[in-house]
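K.L.:
Provided herewith is a single structure, encoded as structure tokens, for subsequent inquiry.
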Amino acid sequence: MEVESNYTQAGGGWRGVKKQWRCLLVLGLILLAAGMAGCGERKPEATNAGVSGTGGGAERRPLILTSQKDNVLAYFATKDLAYSVPLSFPVSPQADQPRAAVERVLAGPPGEFLVRTIPEGTKLREFRLTGGTAYLDLTGEILTLNEEQSGQMAISSLALTLAQFPSITSVELLADGKPVASLAGAAVPHPLPIPDSVNPLQDRPPDGWPLRVYYSDPQAMYLVPVTYFVAPGLSREERQRRQIELLLQGPPPGVNLARTVWPGTELDGLRVEGDLVTVDLSQEVVGYGGGHTAEDMLVRSLVFTLTEDPGISRVQLLVGGEKHEYLPEGTKIDVPLTRPETLNAVETT
Numbered sequence: 023m024e025v026e027s028n029y030t031q032a033g034g035g036w037r038g039v040k041k042q043w044r045c046l047l048v049l050g051l052i053l054l055a056a057g058m059a060g061c062g063e064r065k066p067e068a069t070n071a072g073v074s075g076t077g078g079g080a081e082r083r084p085l086i087l088t089s090q091k092d093n094v095l096a097y098f099a100t101k102d103l104a105y106s107v108p109l110s111f112p113v114s115p116q117a118d119q120p121r122a123a124v125e126r127v128l129a130g131p132p133g134e135f136l137v138r139t140i141p142e143g144t145k146l147r148e149f150r151l152t153g154g155t156a157y158l159d160l161t162g163e164i165l166t167l168n169e170e171q172s173g174q175m176a177i178s179s180l181a182l183t184l185a186q187f188p189s190i191t192s193v194e195l196l197a198d199g200k201p202v203a204s205l206a207g208a209a210v211p212h213p214l215p216i217p218d219s220v221n222p223l224q225d226r227p228p229d230g231w232p233l234r235v236y237y238s239d240p241q242a243m244y245l246v247p248v249t250y251f252v253a254p255g256l257s258r259e260e261r262q263r264r265q266i267e268l269l270l271q272g273p274p275p276g277v278n279l280a281r282t283v284w285p286g287t288e289l290d291g292l293r294v295e296g297d298l299v300t301v302d303l304s305q306e307v308v309g310y311g312g313g314h315t316a317e318d319m320l321v322r323s324l325v326f327t328l329t330e331d332p333g334i335s336r337v338q339l340l341v342g343g344e345k346h347e348y349l350p351e352g353t354k355i356d357v358p359l360t361r362p363e364t365l366n367a368v369e370t371t
């Protein structure tokens, strides 16, 4: 059996009465069972974290799985303020999750490897959702940003953070109750549309089809999603092949992110069968030789990239045309790998 790995009375008259009661009892049990089954069915809650326009393009896998309702994404920035980075935080399932996600952004990132996008001291005065629009009223500290790039990152981080909630289609940004026209010279649209892509590395053509690929931040602490665009009409296998090729190439020149796959690794084969994609990489893929961080980044970037398509849920990795039991640091790869429940998970106490 193959197991998947994941980095889920008595008397004549009385007898007649008894018979009727038994029928009623059986009927009641059937109805009770049906009711319990119905109560057990829940409609899936999709999440979507897309900054480059809105609208069409390929359907993408949510960054947090529908089963993970006790986590929210909050976006921060790399130190050079060039790229948005999502972190997953645990929250109570009973919490107002959009509000909780925004408050995480305002609190800033943990550690020293990312930077906040919202000025320290900024508070959430009011959060309300009306007709698909999230009204986000912050205190005046939000207006103290002094560089256009920092203003753009603030806008992006708030929009991307709210993009994970399907009921939110646009954002109205206010400061001390008044609409914000711009942040440090970066214009704030009214309403601010929810983006459908994150960290685009190229201009989006009119009919561009977004492909998401995961590289690493320069310190190899977090995966960073980036977006490329391809022509529409490609088959699922063609899109998968293009994604893995972009992953193997690593970030383009001038992009301050790090590759996750050892240089020289080649794609020897790719096959899609149902929800399983089998990818065959050359022996160079294990050129790192060891090191938990290198192996973790390799595996997670590979799985997150190839399972962006909601129709793909499993990845079988072959090395040099063969199925191996383990990678050098012990990651089990003789069975399909499944997408982790969270991206860049942060544990809080």
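Under my numbering, the final residue of the sequence shown carries the number 371; numbering is consecutive throughout. Even glycine gets a Cβ: it sits at the ideal position worked out from N, Cα and C.
Could you spell out where the alpha helix (DSSP H) holding Gln-171 opens and where it closes?
P.N.:
Looking at the DSSP string, the run of the alpha helix (DSSP H) that includes Gln-171 is 170-184.
K.L.:
Identify the continuous alpha helix (DSSP H) that holds Phe-326 and give its terminal residues.
P.N.:
It spans 314-328 - the alpha helix (DSSP H) in which Phe-326 sits, taken as one unbroken run.
K.L.:
Taking one C-beta from the stretch 260-267 and one from the stretch 354-368 each time, how about it: are there three or more such pairs within less than 8 Å?
P.N.:
The stretch 260-267 vs the stretch 354-368: no contact.
K.L.:
Could you check where the alpha helix (DSSP H) with Ala-99 kicks off and where it finishes?
P.N.:
Per DSSP, Ala-99 belongs to no alpha helix (DSSP H); it is in the beta strand (DSSP E), 93-99.
K.L.:
By alpha-carbon positions, which one of Leu-245, Met-243, Thr-139, Val-252 ends up nearest to Gln-224?
P.N.:
Cα-wise, what sits closest to Gln-224 is Val-252.
K.L.:
Considering only residues of the stretch 128-167, which uninterrupted beta strand (DSSP E) runs meet the minimum length of 3 residues and lie entirely inside it, listed in chain order?
P.N.:
The stretch 128-167 contains these whole beta strand (DSSP E) runs: 146-152, 155-160.
K.L.:
Excluding sequence positions up to five away, which residues of its chain have a Cβ less than 6 Å from the Cβ of Leu-279?
P.N.:
So the qualifying residues of the chain are Tyr-237, Val-246, Pro-273.
K.L.:
What's the C-alpha gap between Arg-281 and Leu-324?
P.N.:
Between Arg-281 and Leu-324, the C-alpha separation is close to 11 Å.
K.L.:
DSSP three-state label for Pro-274, please.
P.N.:
Three-state DSSP puts Pro-274 in coil, outside helix and strand.
K.L.:
If we ignore side chains and look at the alpha-carbon of each, how far apart do Ser-114 and Asp-92 end up?
P.N.:
One C-alpha to the other measures close to 6 Å.
K.L.:
Quick one: what's Pro-332 bridged to in DSSP?
P.N.:
The partner list for Pro-332 (beta bridge, DSSP) is empty, contrary to what the question assumes.
K.L.:
Can the beta-carbon of Thr-139 be found closer than 8 Å to that of Ala-185?
P.N.:
Not in contact: Thr-139 and Ala-185 (Cβ atoms no closer than 8 Å).
K.L.:
Can you tell me whether DSSP reads Pro-120 as helix, strand or coil?
P.N.:
Note: Pro-120 maps to helix in three-state DSSP.
K.L.:
Let me check one thing: in DSSP terms, what residues is Glu-344 bridge-paired to?
P.N.:
According to DSSP, Glu-344 bridges with Val-341.
K.L.:
Are the CB atoms of Val-337 and Leu-328 within a distance shorter than 8 Å?
P.N.:
For Leu-328 and Val-337, yes; Cβs fall inside 8 Å.
K.L.:
With C-beta atoms as the reference, is Asp-297 less than 8 Å away from Gly-333?
P.N.:
Going by C-beta atoms, Asp-297 is nearer than 8 Å to Gly-333.
K.L.:
Please name the residue or residues paired with Arg-234 in a DSSP beta bridge.
P.N.:
Thr-249.
K.L.:
Please tell me whether Asp-218 has its Cβ less than 8 Å away from any Cβ of chain C.
P.N.:
As a matter of chain content, chain C is missing from the structure shown, which is built from one protein chain.
K.L.:
Who are the near neighbours of Asp-118 in its chain, counting only those whose CB is closer than 7 Å to its CB and skipping five residues on each side?
P.N.:
Answer for Asp-118: no residue qualifies.
K.L.:
Indicate, with yes or no, if the ligand COA has a heavy atom lying under 7 Å from the CB of Leu-158.
P.N.:
Ligands are entirely absent from the displayed structure, and the ligand COA is therefore not among its contents.
K.L.:
State the Cα-Cα distance for the pair Ala-156 and Glu-288, rounded to the nearest angstrom.
P.N.:
Straight-line Cα distance between these residues: approximately 45 Å.
K.L.:
Assign Val-259 to one of three DSSP states: helix, strand, or coil.
P.N.:
Just to set this straight, residue 259 is Glu in the shown sequence, not Val. Looking at Glu-259 - three-state DSSP - the assignment turns out to be helix.
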